[in-house]
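For the sequence shown, the UniProt record's numbering assigns the number 1 to the initial residue and increments by one for each residue that follows.
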Amino acid sequence: MIGGVFFPKKSNNLISNSWLKIILGSWDDMGNLSWASACLAHIYRSLCNASARAVKEIDGAMFIFQFWAWEHLPWIAPKVDPDKEWGPDHPLRHEAYGCRWLGETTCDNLGAHKLEEYRRRLDHLWEAELKFDPYPERIVAHHVHKFPLHPGQWCTRVPLICHHIVEWHLPDRCLRQFGREQCIPLDVPESQKGYHGKDGRQGPTNWPEEYKPLIRLWNVRQGQDIVTASHVGRMGYHDPYLETYRRQSVRYMTPEGAADGALVDGIERIHDLARTADHSAAGREVGMIRRIANNLLGCMRARGRDHRRYPPVPPVRPPPV
């Protein structure tokens, strides 16, 4: 279970000797550990390592990440037989919700499974193609009693620890997945960033002692969840969060996606300049430029993009941990 399911490494089913003390301990001690947070820390570190250019493989409990992708990006998910969809009469209704993917599925909608095709689709992804909060309330209500933590703690900024691995759980970067209004997220405290470089090759280390400040933060996580308003409707393209995201992030994975994005941004800029220009000076030409830009935006399906401009007010920030 440890080496092959929840904490798999590239060494297949081999496990580190750091697990022996836990495995050889009592069942009561094992039951008091937060296995889910440790598994999530391991997944976060695996994704981080896999983002390096020279890395060709990935480890970790990727079935969990795959389930997340299928739920949030339906266009890449296999099709489940409607008669076997999860519901009150499903034979696995008392198990984890991810078990619904264990039934018969078809993959006709996945195309040729080419990496280039997935990158292209992600570069041209529209908001309607992404389910931010795919879990119906009836699903959450059915399973919530199984979780030892209050659902509010799903939105807690807290360090996740698994032996030498420390990864921050930063839900303020994806609050819409929890049905909340997205704010501009805080950065990880500078004093905590050094822990991310620990890779277990430092030799024998007393990790509970080494990570005592982080364990202290974990122990006081109750009541530290991020509170924002419920999200309603669509997020405008010029929302303060999205403006910040575009300034700080790599927006595209392919040259074609970057070219298309630059084209739409440029046309929108022309449209805005024509709208705010002095029409008495430019006359019919400015109006014509505006109409052309508007038509081009419509032809590129970009009219579905919310072009509202937001007032320059300070964004709401969550309280620091």
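Glycine is no exception: its CB is placed at the ideal position from the N, C-alpha and C atoms.
Per DSSP, ILE64 is one residue of the alpha helix (DSSP H) stretching across 62-72.
Straight through space, the alpha carbons of ILE2 and MET62 are spaced by roughly 14 Å. Counting along the chain, the unbroken alpha helix (DSSP H) around GLU116 starts and ends at 115-123. Between VAL55 and ARG173, the alpha-carbon positions lie close to 25 Å from each other. DSSP assignment within the stretch 127-203 yields the following whole beta strand (DSSP E) runs of 3 residues or more, N-terminal first: 158-162 and 165-169. GLN248 and TYR237 have their C-alpha atoms some 15 Å from each other. The C-beta of TRP27 has fewer than 16 other C-beta atoms within 10 Å across all chains shown, which makes the residue exposed. Short of 7 Å from the beta carbon of ALA50, and not among the five residues preceding or following it, lie these beta carbons of its own chain, in chain order: ILE58. In the DSSP assignment, CYS48 falls within the unbroken alpha helix (DSSP H) covering 35-50. Contact check for THR244 against ILE184 passes: the beta carbons are separated by less than 8 Å. Assigned with DSSP and collapsed to three states, SER26 falls in coil, not helix or strand. VAL80 carries a strand assignment under DSSP once its states are collapsed to helix, strand and coil.
Restricting attention to THR254, LEU242, SER18 and ASN295, the CA atom closest to the CA of ILE267 is found in ASN295. Pairing LYS198 with VAL166 gives a Cβ-Cβ distance under 8 Å. Within the DSSP bridge table, the entry for THR105 names VAL80 as partners. The Cβ-Cβ distance between GLY31 and PHE67 does not fall below 8 Å. ARG157 sits buried, since 16 or more C-beta atoms from the chains shown fall within 10 Å of its C-beta.
Taking C-beta atoms as the reference points, TYR195 and LEU214 count as a pair closer than 8 Å. In chain order, CYS155 place their CB closer than 6 Å to the CB of PRO171, counting only its own chain and leaving out the 5 sequence neighbours on each side.
Rounded to the nearest whole angstrom, the CA to CA distance from PHE6 to LEU102 is 18 Å. When the five nearest sequence neighbours on each side are left out, the beta carbons in the same chain lying within less than 8 Å of the beta carbon of THR254 are those of GLU116, ARG119, ARG120 and ASP123, in order along the chain. CA-CA distance, THR205 to GLN222, rounds to 29 Å. CA-to-CA, the gap between TRP70 and ILE15 works out to about 29 Å. A distance below 7 Å between beta-carbons, with the five flanking residues on each side excluded, links ASP225 to the following residues of its chain, in chain order: GLY152, GLN153, CYS155 and THR156. The residue from GLY179, CYS39 and LEU20 with its alpha-carbon nearest to that of TYR135 is GLY179. Cβ atoms of THR105 and LYS79 come within 8 Å of each other, at about 6 Å.
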